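*Asks:*
Numbering (the numbering used here), first residue to last: -3 to 173.
#1: Quick check on residue 81: buried or exposed, where buried means 16 or more other Cβ atoms within 10 Å of its Cβ?
#2: Give the C-beta separation of residue 125 and residue 155 to the nearest angstrom, bearing in mind that I take them to be a contact with Cβ-Cβ under 8 Å.
#3: Run the CB neighbour count on residue 139, radius 10 Å, all protein chains shown included, and call it buried at 16 or more, exposed below.
#4: Helix or strand or just coil, what does DSSP make of residue 121?
#5: Measuring only the C-alpha atoms, how far is residue 106 from residue 163?
#6: So, with DSSP's three-state summary, where would you put residue 102?
#7: With a Cβ-Cβ cutoff of 9 Å, do residue 79 and residue 127 count as a contact?
#8: What ranges does the alpha helix (DSSP H) occupy inside the segment 14 to 75, keeping only unbroken runs of at least 4 residues that lie completely in it?
#9: Residue 55 to residue 75, Cα distance in whole Å?
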């Protein structure tokens, strides 16, 4: 039994010494999982009526996407991650607008600050839709293809959602999506 542990342990050490990229790859996969967890946490917060918590988690997910984009080697993966960052920034701005609107009493018309946040969200979401319209054949893994399609669908849905917020908050000066 001890001999087996030595062999397995030695194999792990050799793998780490001769293939240090394995550690970095594992960290990237962990960071992607963390980004997705933060997105899920934001969705849970908004479902529980906590737009401030949702904004905070979305901002953290955007930051994680930005960091991952800086580490990515392939142009298509960088584009996917920058699309995620824009999407999450759009979510963050929309959730901040909801929080401000709620704090101000929740009656339209919304304040200029709320409308500016909504307009910022609209711009980020539009940018996300453009970035996430990736030629999926250029992505290296099937998982990344699936993620690109998923995030593009989410971004497209958010175009309509933000347009609805502009309408609900009576932010007449905001440009249409």
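Note that CB positions come from ideal geometry on N, CA and C, so glycine has one too. All values derive from a computational prediction rather than experimental measurement.
*Replies:* Once the coordinates are examined:
#1: buried
#2: 6 Å
#3: exposed
#4: helix
#5: 10 Å
#6: coil
#7: yes
#8: 17 to 43 and 47 to 67
#9: 18 Å
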